[in-house]
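Student: Quick one: the structure is below, and I'll ask about it shortly.
Numbering (the numbering used here), first residue to last: 416 to 888.
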């Protein structure tokens with residue numbers, strides 16, 4: 416029971432929250448059709464107060480009659496708010512927010528993963544907990560949505576009741592496991608953002624804070640996709656030039672959202688938000704691409720395929736100057752993807768050349784890009800296990816060969832030279848180790864200490880470190 420209701424006389428009805436009702440009986444009040452126009456406002460308040468009683472839905476057999484009475488009353492309230500033709504006054508708004516608060520703002524059920532095995536929790540596979548009180552909650556959400564959207568709701572007056580505290584408690588509910596509830600919350604928050612301009616900076620900052628906690632502390636939250644869906648429409652409406660505040664949001668919140676393991680649950684919405692930023696300001700492409708590279712998955716192939724898909728969308732909106740700033744680290748990573756043993760990763764990377772805009776960017780900068788990825792293309796052609804990847808690789812190689820035969824041949828010659836050098840280095844390394852082993856074997860019989868000559872040691876060290884230096888180049 417809420418503190419505000421403690422100490423009050425309880426009704427005969429078993430309920431969690433609620434004021435004292437006339438005669439202590441939970442019965443239906445008259446219909447709005449049965450009272451005069453002057454009495455409707457008073458009846459509206461009485462019905463709102465009546466609906467502040469919250470019933471226990473864990474026991475489905477308890478208070479069946481009263482639950483049905485409340486449900487019918489809530490439906491009447493929805494109809495009234497939808498059809499009202501006069502402005503809601505302060506008394507009505509106070510009663511409205513009181514009823515909404517009593518019904519919606521509650522402690523969410525403890526999730527199934529809050530136990531000793533929480534590290535084993537997988538949000539993608541766990542069955543969500545459905546809200547048992549949904550028959551009432553749905554109508555309360557519908558009522559709140561109609562109230563916020565109503566032309567009879569004056570934002571200047573309503574902001575006293577739909578205030579920062581109200582918004583924060585609404586945001587907390589986004590962690591509900593029930594998808595139906597999150598869908599309503601998403602729509603309502605978007606309406607509040609649109610209607611109450613004074614709350615916009617606060618809402619963005621509050622969502623920011625939720626993102627920070629999710630990224631850097633918990634990595635568990637059910638409503639990230641819904642928040643991003645709302646933000647997608649908000650970003651779409653940002654005026655140009657973009658404010659520094661909005662660019663910081665991209666760098667500090669959106670890009671790091673690629674880090675959590677459960678990114679697949681909201682990646683589609685995240686990718687849309689990221690792409691919106693690049694489409695509004697092409698100069699952000701370099702920042703976004705380097706951010707993607709920073710959080711690029713190493714061992715998760717399905718996540719890597721998602722990143723490649725997002726990368727294509729970003730590159731689609733990227734212009735030449737920004738592309739040139741990041742193309743070296745970008746194509747080093749793409750080269751690694753081309754050689755992935757997971758055929759879907761290699762295939763998705765090769766599909767980038769099917770995009771006309773991206774292919775043109777690559778062709779225009781082939782002098783830098785081809786030397787980086789030629790070894791990966793050649794290795795695929797010679798030995799990738801997947802036939803489709805081999806075929807796609809040949810197509811990409813042909814694009815480069817047709818665009819610049821001279822450069823392609825130069826890269827081919829250099830690759831062969833590097834291969835010869837690598838084989839020679841490997842042979843020297845094996846020869847040196849063989850000499851060391853022979854020396855050790857000859858001394859083992861006499862139990863003498865093995866003294867490695869300075870010459871042999873220096874060769875062994877030099878040949879052992881040389882491949883690393885070559886790889887770094």
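Virtual Cβ for every residue (Gly too), placed ideally from N, Cα, C.
Tell me where the alpha helix (DSSP H) around residue 754 begins and ends.
Tutor: That residue, residue 754, is in no alpha helix (DSSP H); it is neither H nor E in DSSP.
Student: Quick check: what's the CA-CA separation for residue 736 versus residue 631?
Tutor: Distance between the alpha carbons of residue 736 and residue 631: 33 Å.
Student: For residue 559 and residue 753, what's the separation of their Cα atoms in angstroms?
Tutor: When rounded, the distance between both Cα atoms is 52 Å.
Student: Below 6 Å CB to CB, which residues in the same chain sit around residue 816 once its five sequence neighbours on both sides are set aside?
Tutor: Taken in chain order, the residues that qualify are 823.
Student: Suppose the cutoff is 7 Å on Cβ atoms and the five residues either side in sequence are ignored; what does the same chain contact list for residue 644 look like?
Tutor: 601 and 684, listed in sequence order.
Student: With a Cβ-Cβ cutoff of 8 Å, do residue 710 and residue 674 count as a contact?
Tutor: Against a cut-off of 8 Å, the Cβ pair of residue 674 and residue 710 comes out as a contact.
Student: Is there contact between the stretch 611 to 619 and the stretch 578 to 592, where contact requires at least three CB pairs shorter than 8 Å?
Tutor: Verdict: yes, contact present.
Student: In terms of alpha-carbon separation, which member of 501, 469 and 592 lies closest to residue 635?
Tutor: Here the closest residue by C-alpha is 592.
Student: Just verifying my parser: in three-state terms, what is the DSSP assignment at residue 657?
Tutor: Note: residue 657 maps to coil in three-state DSSP.
Student: Return the CA-CA distance between residue 657 and residue 677, expressed in angstroms with no decimal places.
Tutor: So the two alpha carbons sit approximately 30 Å from each other.
Student: Can we say the stretch 695 to 712 touches the stretch 739 to 747, given the rule of at least three CB pairs closer than 8 Å?
Tutor: These segments touch.
Student: Could you check if residue 627 is buried or exposed, using at least 16 other CB atoms within 10 Å of its CB as the buried criterion?
Tutor: With fewer than 16 Cβ atoms within 10 Å of its Cβ, residue 627 is classed as exposed.
Student: Taking DSSP as the reference, what is the three-state secondary structure of residue 450?
Tutor: If DSSP states are grouped into helix, strand and coil, residue 450 belongs with coil.
Student: What did DSSP end up calling residue 722 once you bin it into helix, strand or coil?
Tutor: Reduced to three states, the DSSP call for residue 722 is helix.
Student: In chain order, what residues of the same chain lie with their CB nearer than 7 Å to the CB of residue 653, ignoring the 5 residues before and after it?
Tutor: Within the same chain, residue 653 has close Cβ partners 661 and 695.
Student: Please report how far the alpha carbon of residue 567 lies from the alpha carbon of residue 671, in whole angstroms.
Tutor: So the alpha carbons of these two residues sit roughly 41 Å apart.
Student: Can you give me the C-alpha to C-alpha distance between residue 552 and residue 519, rounded to a whole angstrom?
Tutor: Going from the Cα of residue 552 to the Cα of residue 519 covers about 7 Å.
Student: Suppose the cutoff is 7 Å on Cβ atoms and the five residues either side in sequence are ignored; what does the same chain contact list for residue 508 look like?
Tutor: Only 572, 573 and 576 meet the Cβ criterion.
Student: Between the C-alpha atoms of residue 766 and residue 760, what's the straight-line distance to the nearest angstrom?
Tutor: Distance between the alpha carbons of residue 766 and residue 760: 10 Å.
Student: For residue 764, count the other beta carbons within 10 Å of its own beta carbon; 16 or more makes it buried, fewer makes it exposed. Which is it?
Tutor: It is buried - the Cβ of residue 764 has at least 16 other Cβ atoms within 10 Å.
Student: Below 8 Å on the Cβ atoms is my guess for residue 729 versus residue 783; work out the distance and round it to an integer in Å.
Tutor: Not really, about 19 Å apart at Cβ, beyond 8 Å.
Student: Measuring straight from C-alpha to C-alpha, what distance separates residue 482 and residue 446?
Tutor: Their Cα atoms are separated by approximately 17 Å.
Student: Starting from residue 560, trace the alpha helix (DSSP H) in both directions and tell me its first and last residue.
Tutor: Unbroken alpha helix (DSSP H) run through residue 560: 549 to 564.
Student: Return the CA-CA distance between residue 837 and residue 755, expressed in angstroms with no decimal places.
Tutor: Their backbone Cα atoms lie some 21 Å apart in a straight line.
Student: When the Cα atoms are used, what is the spatial distance from residue 770 to residue 847?
Tutor: Between residue 770 and residue 847, the C-alpha separation is close to 49 Å.
Student: Closest to residue 716 by CA distance: which of 757, 745, 472 and 821 is it?
Tutor: Minimum Cα distance to residue 716 is reached at 757.
Student: Can you tell me whether residue 444 is helix, strand or coil according to DSSP?
Tutor: Looking at residue 444 - three-state DSSP - the assignment turns out to be coil, as it is neither helix nor strand.
Student: Cβ of residue 773 within 8 Å of Cβ of residue 719?
Tutor: No, these two residues do not count as a Cβ contact at 8 Å.
Student: Pick helix, strand or coil for residue 641, following the three-state DSSP scheme.
Tutor: Helix, per DSSP.
Student: Quick check on DSSP: helix, strand or coil for residue 634?
Tutor: Coil, per DSSP.
Student: Name the residue from 810, 751, 819 and 800 whose alpha carbon lies nearest to the alpha carbon of residue 781.
Tutor: Nearest C-alpha to residue 781: 819.
Student: Among the candidates 844, 608 and 486, whose CA atom is the shortest distance from the CA of residue 564?
Tutor: Comparing Cα-Cα distances from residue 564 to each of 844, 608 and 486, the minimum goes to 608.
Student: Can you tell which of 641, 454 and 850 has its C-alpha closest to the C-alpha of residue 688?
Tutor: Selected option, being the one with the closest Cα: 641.
Student: Under three-state DSSP, which class holds residue 743?
Tutor: Three-state result, residue 743: helix.
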